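> I'd like to ask you about the structure that follows.
In mature numbering (1 follows the signal peptide of the UniProt record, and there is no 0), the protein residues as written are -20 to -1, 1 to 301.
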């Protein structure tokens, strides 16, 4: 075959132009010519990420306190009755120093006020670290009490729930009602002292045969709809002098929520035995002590009669002397 020289020269000269022309679907060339897209995918703010991380950690710590299967609360430590009124202030100061994670404690009778409370009625409480005990209208077997102490004033409302959630497994609701506490300003956070108390009426028929010294205070877990009794809530104590169970809340536990008063089933079935009266025991012992002497005297008289004597034994002579 013979091609014209002109045709061959045209093909050779035009080939570099064709190879250098960009392909319409060359993405690399398009990206090189296109301006960068900005603002479409914003980079996350590291400060915001850290804040969200801390908030998530705080939430994770708070949830187990209220709802997780935390260690069961130990039996309440029984506080003996105060020997004298003058020593009661010192006793309160000792509790304040040994509070640990719980509230810092009570400042003494001089800085303490008792206020009457009614359910569903807001009670104004003062700040200035004044300890205020709000005792509410009696319920079934006693009275609910809330102790408050803080630097700033607040308003506290307590409602009585007559149809609460069931008690935890192994417990019974010794007080059938539960109590919903609300603090308008603080929401229960940052308080110097925050205590959930229940004062038992020992004359109540509902307490017959029950050991109230084993009483426990539980908090409702709203997510699970069940009460939780846990040592993580605070320090539990039973005051014999007042017939009162008291829970001194830990710093990371707020009083805002629903609270119930419970008793282990075993403690509900068996009450502590009453001690025997000492007077009756002593009288019985004296009666037994006289019996051997009487027997000895009768034996001496019988021996004297058997010997044909005058009917008086040696013991009779000693009595005449």
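All residues carry an ideal CB built from backbone N, CA and C; glycine is no exception. Quick caveat: nothing in here was measured; it's all calculated off a predicted structure.
1) Name the DSSP beta bridge partners of residue 187, please?
2) Alpha carbon to alpha carbon, how far is residue 130 from residue 189?
3) Can you give me the Cβ contacts of residue 304 inside the same chain, cut-off strictly under 8 Å, excluding the 5 residues immediately before and after it?
4) Quick one: what's residue 96 bridged to in DSSP?
5) Distance check for residue 246 and residue 138, CA to CA, integer angstroms please.
6) With contact counted as at least three CB pairs below 8 Å, one residue from each stretch, are the stretch 167 to 187 and the stretch 118 to 130 in contact?
7) Who does residue 105 pair with in a DSSP beta bridge?
8) In whole angstroms, what separates the C-alpha of residue 135 from that of residue 107?
9) What residue range does the beta strand (DSSP E) around residue 244 cover?
10) Does residue 230 come within less than 9 Å of chain B when only Cβ atoms are used?
11) Is it right to say residue 226 is buried, meaning 16 or more other beta carbons lie within 10 angstroms of its own, or is it exposed?
12) State the Cα-Cα distance for the pair residue 96 and residue 115, rounded to the nearest angstrom.
13) By Cβ distance, which residues of its chain are closer than 7 Å to residue 205, with the 5 residues on each side in sequence left out?
14) Tell me whether residue 65 is buried or exposed, calling it buried when 16 or more other Cβ atoms sit within 10 Å of its Cβ.
15) Measure the CB-CB distance between residue 140 and residue 160 and report whether it falls below 9 Å.
16) Do residue 200 and residue 158 have their C-beta atoms within less than 9 Å of each other?
17) Drop a sphere of 10 angstroms on the beta-carbon of residue 221, count the other beta-carbons inside from all chains shown, and report buried for 16 or more, exposed for fewer.
18) Under the rule that 16 or more other beta-carbon atoms within 10 Å means buried, what is residue 235, buried or exposed?
19) Taking the alpha-carbon of residue 239 as reference, which of 231, 181, 210 has the nearest alpha-carbon?
20) Secondary structure at residue 206, three-state DSSP: helix, strand or coil?
21) What residue does the beta strand (DSSP E) around residue 309 start on, and which one ends it?
22) Should residue 124 and residue 198 be called a contact, given that it needs their Cβ atoms to be closer than 9 Å?
23) Per the DSSP calculation, residue 175 is bridged to which residue(s)?
24) Is it true that the CB of residue 218 sits closer than 9 Å to the CB of residue 58?
25) Rounding to the nearest angstrom, what Cα-Cα distance links residue 193 and residue 207 in this structure?
26) Taking the CB atoms as reference points, tell me whether residue 191 and residue 248 lie closer together than 9 Å.
The short version:
1) Start at 1 with the first residue of the chain shown, and residue 187 comes out as number 207. None, per the DSSP bridge assignment.
2) As a first step, residue 130 must be located in the chain shown, where it is residue number 150. As a first step, residue 189 must be located in the chain shown, where it is residue number 209. Cα-Cα distance, rounded: 39 Å.
3) In the structure as shown, the chain starts at -20 and stops at 301, and residue 304 therefore has no counterpart that could be examined.
4) The residue you call residue 96 lines up with position 116 of the chain shown. Beta-bridge pairing links residue 96 to 115.
5) Taking the chain shown and counting its residues from 1, one reaches residue 138 at position 158. Taking the chain shown and counting its residues from 1, one reaches residue 246 at position 266. Whole-angstrom Cα-Cα distance: 30 Å.
6) yes
7) Stepping through the chain shown from its first residue, residue 105 is reached at position 125. Paired residue(s): 134.
8) Taking the first residue of the chain shown as position 1, residue 135 is located at position 155. Taking the first residue of the chain shown as position 1, residue 107 is located at position 127. Taking the straight line joining both Cα atoms gives about 11 Å.
9) Counting from one through the chain shown, the residue named residue 244 turns up at place 264. 237 to 244 is the span of the beta strand (DSSP E), which, as asked, contains residue 244.
10) Given the protein chain composition of this structure (a single chain), no chain B is represented.
11) Taking the first residue of the chain shown as 1, we reach residue 226 at position 246. So residue 226 counts as buried.
12) For the purposes of this step, residue 96 is identified with residue 116 of the chain shown, where counting begins at 1. For the purposes of this step, residue 115 is identified with residue 135 of the chain shown, where counting begins at 1. C-alpha separation (whole angstroms): 5 Å.
13) Within the chain shown, residue 205 is the residue found at index 225, counting from 1. So the list reads 145, once near-sequence residues are dropped.
14) Position 85 of the chain shown, counted from the start, is the residue given in the question as residue 65. Caution is warranted here: a pLDDT of 43 is assigned to residue 65, below 50, making its placement in the model unreliable, and the coordinate value is therefore given only provisionally. So residue 65 counts as exposed.
15) Here residue 140 refers to the residue found at position 160 when the chain shown is read from its first residue. Here residue 160 refers to the residue found at position 180 when the chain shown is read from its first residue. Going by C-beta atoms, residue 140 is nearer than 9 Å to residue 160.
16) For the purposes of this step, residue 200 is taken as the residue at position 220 of the chain shown. For the purposes of this step, residue 158 is taken as the residue at position 178 of the chain shown. Yes; because the gap between Cβ atoms is below 9 Å, this pair is in contact.
17) Within the chain shown, numbered from 1, the residue matching residue 221 stands at position 241. Under this definition residue 221 is an exposed residue.
18) Sequence index remark: in the chain shown, residue 235 carries index 255 (1-based). Under this definition residue 235 is a buried residue.
19) In the chain shown, residue 239 corresponds to position 259, counting from 1. The candidate whose alpha carbon is nearest that of residue 239 is 210.
20) The residue labelled residue 206 in the question sits at position 226 within the chain shown. Residue 206: strand per DSSP, three-state reduction.
21) Past the edges of the chain, shown from -20 to 301, lies residue 309, and the structure says nothing about it.
22) Within the chain shown, numbered from 1, the residue matching residue 124 stands at position 144. Within the chain shown, numbered from 1, the residue matching residue 198 stands at position 218. No.
23) The residue you call residue 175 lines up with position 195 of the chain shown. Answer is 127, 228, bridged to residue 175.
24) Taking the first residue of the chain shown as position 1, residue 58 is located at position 78. Taking the first residue of the chain shown as position 1, residue 218 is located at position 238. In this structure, residue 218 lies closer than 9 Å to residue 58 by Cβ.
25) To locate residue 193, count along the chain shown from 1; it is residue 213. To locate residue 207, count along the chain shown from 1; it is residue 227. One C-alpha to the other measures close to 20 Å.
26) Locating residue 191 in the chain shown gives position 211, where the first residue counts as 1. Locating residue 248 in the chain shown gives position 268, where the first residue counts as 1. It is a contact, given that the beta carbons lie within the stated cut-off.
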